[in-house]
Amino acid sequence: MDTKESEKKDSTPIPSSPLCQLRTGLLMLIYKQKLNEKEYDVLGRQTFQHSVISNRHSYAGELERVLDELKLTADLLAEVSEKREGKYRTYEPEEIISYYNGTFLDGVHQAKDKLLRLVDYMAVEDGPLKRPYDEAKKVSVGPIRKKHGKLLKQIGIDDLLDVWQESAQPIGIALRKRTQHHHFLSRLQLTEDYQNLRMTRTMLQPTTIEQLSEYGKKRMTELGEESFKKYKEDIVAKIQVSIAQIEASLNVIAEKLIAHYKVPTDPAELAKIGAEYMDFLGSLEIKNE
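Numbering-wise, this note's numbering comes out as the position in the sequence shown, counting from 1, plus 59.
Right under this line is the structure:
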């Protein structure tokens with residue numbers, strides 16, 4: 060490929076996801092609010108309205124972070140193939156995979172919480188004279204629907220929240236597993252493949268391997284390899300399906316929020332807000348003459 064063609068191809072901007080557009084648009088709305096309330100910005104204070112807009116942006120950013128961490132966890136899990144020497148003991152590869160699996164499930168729950176809090180903040184009516192908004196200590200789909208039912212239907216996201224409940228959907232299954240893993244007896248290591256793998260490791264230890272025949276040694280080794288391969292592939296497949304549904308859900312909801320609240324996404328409009336804010340900052344500079 061010609062060098063110029065290669066450079067042209069590499070310089071093509073990566074399409075921005077609706078979630079990224081939502082976060083960027085909400086960020087610029089913070090600066091727009093600063094321009095509308097210059098006297099407060101000069102004093103370093105925020106009105107109720109400014110605080111709400113700021114938290115909307117923060118939760119959109121949190122969703123981006125969690126989605127990236129879910130993908131990173133999936134990548135790290137998929138690369139596990141050998142045991143790891145830790146500070147306190149040696150960890151077998153299946154134990155590391157189990158750890159990443161639990162971390163992933165916690166991340167899915169994080170995504171649900173951040174999403175519902177974003178929706179809750181988007182539903183708050185703006186108004187500088189109102190009292191500060193008190194966040195709920197715990198959020199779930201049911202209470203959010205009860206609190207903002209009519210508005211959620213207007214925005215077009217009421218039905219879209221169904222996948223964020225414990226159900227037969229990939230996200231719902233992950234949330235249910237996370238509840239079991241986090242609050243009760245974890246079942247992540249109770250699969251047949253994991254148990255077979257642990258049994259083969261025990262039987263192939265120096266203290267027990269001599270009790271096996273040559274066929275027994277060969278069969279235990281094969282069973283261990285087969286069980287590890289199946290255990291890892293099964294988890295990777297389920298995680299990939301969950302990530303796909305999570306990303307799709309977040310982006311569709313972001314599109315609905317952008318449309319309903321008219322969040323700016325046009326580059327020219329965003330640049331205009333940024334330029335106006337820079338001019339405002341410039342006007343605050345004191346020049347000695």
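Yeah, the Cβ is synthetic: ideal placement off N, Cα and C, and Gly gets one too.
If we call anything under 8 Å between Cβ atoms a contact, is residue i one with residue j?
i, j, result
"Glu335", "Leu88", "no"
"Ile156", "Lys291", "yes"
"Tyr90", "Ile317", "no"
"Leu256", "Glu141", "no"
"Lys289", "Asp325", "no"
"Ile305", "Ile203", "no"
"Leu271", "Met258", "no"
"Tyr45", "Leu126", "In the structure as shown, the chain begins at 60 and stops at 348. Residue 45 is therefore absent and cannot be evaluated."
"Glu121", "Lys173", "yes"
"Glu119", "Ile302", "For clarity, residue 119 is Ala in the given sequence; the question names Glu instead. No, Cβ-Cβ distance for Ala119 and Ile302 is not below 8 Å."
"Asn310", "Ser76", "yes"
"Ile268", "Lys276", "yes"
By Cβ distance, which residues of its chain are closer than 7 Å to residue i, with the 5 residues on each side in sequence left out?
i, result
"Glu123", "Leu78, Cys79, Arg82"
"Arg164", "In the sequence as presented, Arg is not what sits at residue 164; that position holds Leu. The residues are Ala233, Lys236, Arg237, His240."
"Val222", "Gln228, Ile230, Gly231, Gln304, Ser308"
"Val300", "Pro229"
Can you name, in chain order, every residue of its own chain whose Cβ lies under 6 Å from the Cβ of residue i, other than the five neighbours on each side?
i, result
"Glu211", "It is Leu, not Glu, that sits at residue 211 in the sequence shown. Answer for Leu211: Asp217, listed in chain order."
"Lys315", "Ile214, Gly215, Ile216"
"Gln254", "none"
"Thr149", "Lys142"
"Val295", "Ala137"
Kindly indicate the opening and closing residues of the alpha helix (DSSP H) around residue i.
i, result
"Tyr180", "152-181"
"Lys291", "273-320"
"Asp200", "Correcting the residue identity first, residue 200 is Val in this sequence and not Asp. Looking at the DSSP string, the run of the alpha helix (DSSP H) that includes Val200 is 200-214."
"Tyr147", "Unbroken run through Tyr147: none, as it is neither H nor E."
"Val125", "107-138"
"Ala227", "Unbroken run through Ala227: none, as it is neither H nor E."
"Lys93", "77-95"
"Pro323", "Neither: Pro323 is in no alpha helix (DSSP H) and is coded neither H nor E."
"Gln270", "No alpha helix (DSSP H) contains Gln270, which DSSP labels as neither H nor E."
"Asp252", "251-262"
Between the alpha carbons of residue i and residue j, how many angstroms are there, rounded?
i, j, result
"Gln248", "Glu138", "19 Å"
"Gln169", "Glu273", "49 Å"
"Gln228", "Gly215", "20 Å"
"Leu329", "Glu128", "28 Å"
"Gln92", "Pro323", "13 Å"
"Ala195", "Val178", "13 Å"
"His116", "Leu219", "21 Å"
"Leu188", "His109", "Its pLDDT being 47, under 50, Leu188 is placed unreliably in this model, and the coordinates cannot settle the point."
"Lys171", "Arg260", "38 Å"
"Asp338", "Ile112", "22 Å"
"Thr250", "Asp293", "11 Å"
"Val200", "Gly166", "17 Å"
"Val183", "Tyr320", "12 Å"
"Glu151", "Ala313", "40 Å"
"Gly84", "Leu175", "19 Å"
"Phe107", "Ala327", "28 Å"
"Leu282", "Gln264", "15 Å"
"Asn114", "Gly208", "21 Å"
"Ser286", "Gln224", "31 Å"
"Tyr180", "Leu86", "14 Å"
"Tyr147", "Lys205", "49 Å"
Would you say residue i touches the ligand ATP, meaning its beta carbon is less than 7 Å from a heavy atom?
i, result
"Ala233", "No copy of the ligand ATP occurs in the structure displayed, which carries no ligand at all."
Return the chain-ordered list of same chain residues with a C-beta closer than 8 Å to the C-beta of residue i, the five sequence neighbours on each side being excluded.
i, result
"Ser245", "Gly161, Gln239"
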